[in-house]
DNA sequence: GATGAATGAGTGTTCATTCAT
DNA sequence: TATGAATGAACACTCATTCAT
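Protein chains in written order, with the numbering used here: chain A, 16 to 248; chain B, 16 to 248; chain C, 16 to 248; chain D, 16 to 248.
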């Protein structure tokens, strides 16, 4: 009974999200009205407000759902990596590269003007548990794991914006990852070594039309010797 | 009398343009209403439609006026250059660099969502006359100068978009200029040499608040040996 | 089993009534949605319509429930009075004074805009049985007791509205009661005497926050000699 | 030209006000939509917002227009009174009595729920100039006439509310007027005398349907000896 | 050309009510 | 009876555009 209901709920919400996402793809998020979203989702106008508080929310929710798709794509890789430090490295690299190369994502946040409101990264819960795994395993040394997690978020945002605004180039990614690893308590040399480990390609699921995301974005972008000049400002 | 009239016309139009430009700077172009534009310009609502057919037009016109300001800034340099090939080189380089570094411009087309509708380049008339000067002077060999001009426009648009989307880096500018020169019939070596010629700085007039536009964007960005790798896609 | 069921029904209905009443107290009855009422009552939206036909009904029902509380407060007094005429007198006086002085009641009907739709008086059944008691006991002489009852209702409404609109003052209460008694067949002098009998205070139960309702509103308001001028219009 | 325009403006605004006023009379101000107001006024929806900022404003404006009608009714009387003290007395008495007896006014502020937002009194400008007249003529002694004016406003509001809530009776009017006069520097005996002066009736113009407002509300309500007991709280 | 009042379609949002489960 | 998702008409408010003067 409850299951039926909640399945219905999920279906409706998914319809709305899909509708909004498709419309954003076709036009910008301005010029999209809620009536259009609901029409395309084949529900009544009022139904929208059973799921979202206002017009803004659905775009944030779509961004979240794209993030979740990426998380699903990444999951098989993450599972295979037992070393927390390596897992953190690969996860960071994956999201960094998605943020910079995934055309669907870039189009979406540009068309919705969400550039400064939303960053692409793993969920806060997952990030925290990654850090705590590392602490438990003795690889990380960190006083306040939640605060460290939020610091990392800030760094990610900063680096993504810098690259987007062409104030830094893609070398900044590996540099940032290395910095984060050191912040987590890894020795410098280990950090460096980790950021150079290449990784097997990640297959994006079929949902994405744009084939971009070359070699899964997990191979190191650049050699270590180039790090020094990666930031222009 | 007629002059008075047409001057008044110009004043009103200039007011409207300035008003629109300022408002775009303060907010995005969405959320700007025509009533606000006219109010700030201290004319009546209806007056707007004596100068522009609809809301869209004024933003295009503002873009044009920014372009004209740049043309004015560039003009003293262009006048001093007698060689048509050199003039073309410098003009292209100037606009390319403005498109990529001038913050006012970038903000404006981003806020107005005109990124794909408008490109920054010299006026079509001037471009055409530059080409024809070159032909007359025997430096260019071109069959259909108008069509060539439009080809160049397409290349410029393509390069600017590529760099903006980070599909190419700034080296692409010199590479594109060299290609255009060769297309105009210059020998390869000459083309290469021209693109390496540095140029005196261009003072942007006081209108721009953002001081960016380092050394007027006319110095060659990179050495020729790097050209081969400038395009990533 | 059936009892269980009907008790549950009662609980749900009571929750809804309490919720509506509290919300009216906090805001006006406009701006209160059924979803808010049900939310606060911790039942589902649809449940509302198992108990009330539409939005209006619940406010009428709340008014009724307040009336019932008053009836409960009055009951111990009524029970002690054996003489039907005296019981009628006291009952009328009680409701009149509640209508005019009970702040909870006044606030409620004002906030719900029920001023002209609802009057505060005893239940029709009780009123009728009071009249018939009087007839059986030989104190009242009335042809059609039901019609008389409805006449009294009309008078009560009229007097309460008159006082509320300041077209009459509170002396009108005793005057009206006297008139009703005479209408029921009591001699003039007896009617006068009855309206002058004071009565013990009535304790309002704890539900009411406003302590107003001075001396239970049953003491005669004014001396008989003042009656003549009590109506201004 | 300008005259034509501004006459058109006035006509439209008057239509809207009349429409709103009529609708309030027919129903409460809730349940009146702007579409209804504009429909009845035979203008387009958007036109409303050329005259009022939001839905609330028009009801305030209607209240103002009723006030102005009263001012017009009173004006012929005011003009005949040369003594500033007497003019203040009569003006205060007029508005007090209108606030309490004018059925149109009372209905309007009750239906629009403006009871606590709006008070019926002369315009602030007129009040101020009345005070200053009195000062120039040597009848009033007041340090800060604007502040005094605002004090009087506060007193008027207080008295009107007190009477409306039946916390004071109509004797409070004369008592308040007398207090105000003393506050303006008149000797006690003069103040008393002024409040006892009766006045000729004021004809309300035909606009009002309700004939209430007996004898213009300017006759003193009560004898001075009753003042002491006029306030109940 | 300049004016600004008028227009009316369109927007985001609310909410009483229905109904399948 | 209880549920809560779905509904869609209604609302206040915006604004690009028109047009008589």
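All C-beta atoms in this analysis are idealised placements derived from N, C-alpha and C, irrespective of residue type, glycine included. Treat the numbers as computed from the prediction; the structure is a model and nothing was measured.
Member of the options whose CA lies at the smallest distance from the CA of residue i
i	options	result
residue 219 of chain B	B:110, B:37, B:51 and B:99	B:110
residue 54 of chain A	A:35, A:134 and A:172	A:35
residue 162 of chain B	B:217, B:146 and B:151	B:146
residue 142 of chain D	D:171, D:118 and D:127	D:171
residue 169 of chain D	D:139, D:69 and D:154	D:139
residue 167 of chain C	C:181, C:152, C:180 and C:134	C:134
residue 131 of chain A	A:68, A:25 and A:75	A:75
residue 199 of chain D	D:22, D:158 and D:26	D:158
residue 117 of chain A	B:90, B:180 and B:39	B:180
residue 61 of chain A	A:160, A:129 and A:27	A:27
residue 123 of chain A	A:25, A:21, A:78 and A:66	A:78
residue 29 of chain B	B:165, B:126, B:90 and B:67	B:67
residue 81 of chain A	A:57, A:22 and A:33	A:33
residue 45 of chain A	A:108, A:125 and A:21	A:125
residue 185 of chain D	D:56, D:108, D:65 and D:47	D:108
residue 93 of chain A	A:144, A:129 and A:43	A:144
residue 216 of chain D	D:88, D:39 and D:164	D:88
residue 40 of chain D	D:191, D:91, D:24 and D:127	D:127
Beta-carbon neighbours of residue i, restricted to chain D and to distances below 8 Å
i	result
residue 122 of chain C	What residue 122 of chain C touches in chain D: nothing, since even the nearest Cβ is about 12 Å away.
residue 45 of chain C	45
Residue range of the alpha helix (DSSP H) that includes residue i
i	result
residue 209 of chain B	203-211
residue 95 of chain C	70-95
residue 169 of chain C	160-179
residue 194 of chain D	186-198
residue 107 of chain B	99-116
residue 144 of chain B	139-151
residue 62 of chain B	Unbroken run through residue 62 of chain B: none, as it is neither H nor E.
residue 49 of chain A	49-55
Same chain only: Cβ atoms within 7 Å of residue i, ignoring 5 sequence neighbours per side
i	result
residue 137 of chain C	86, 106 and 110
residue 70 of chain B	49
residue 96 of chain B	102 and 105
residue 59 of chain D	53
residue 160 of chain B	143, 146, 147 and 150
Cβ shell of residue i (< 8 Å), same chain only, five flanking positions each side left out
i	result
residue 196 of chain C	100, 103, 104, 205, 206, 209 and 210
residue 63 of chain D	31, 49, 52, 53 and 73
residue 201 of chain A	100, 154, 155 and 209
residue 37 of chain A	55
Cross-chain neighbours of residue i in chain A, by beta carbon under 7 Å
i	result
residue 128 of chain B	43
Contacts around residue i, its chain only, beta-carbon distance under 6 Å, and the 5 residues preceding and following it disregarded
i	result
residue 225 of chain B	With a pLDDT of 48 at residue 225 of chain B, under the threshold of 50, the modelled position of this residue cannot be trusted, and the question is left open.
residue 223 of chain D	Any reading at residue 223 of chain D must be qualified, since the residue scores a pLDDT of 49, below 50, and its modelled position is unreliable; the value itself is stated next. Same-chain partners within the cutoff: 119.
residue 152 of chain A	99
residue 115 of chain D	178
residue 42 of chain A	none
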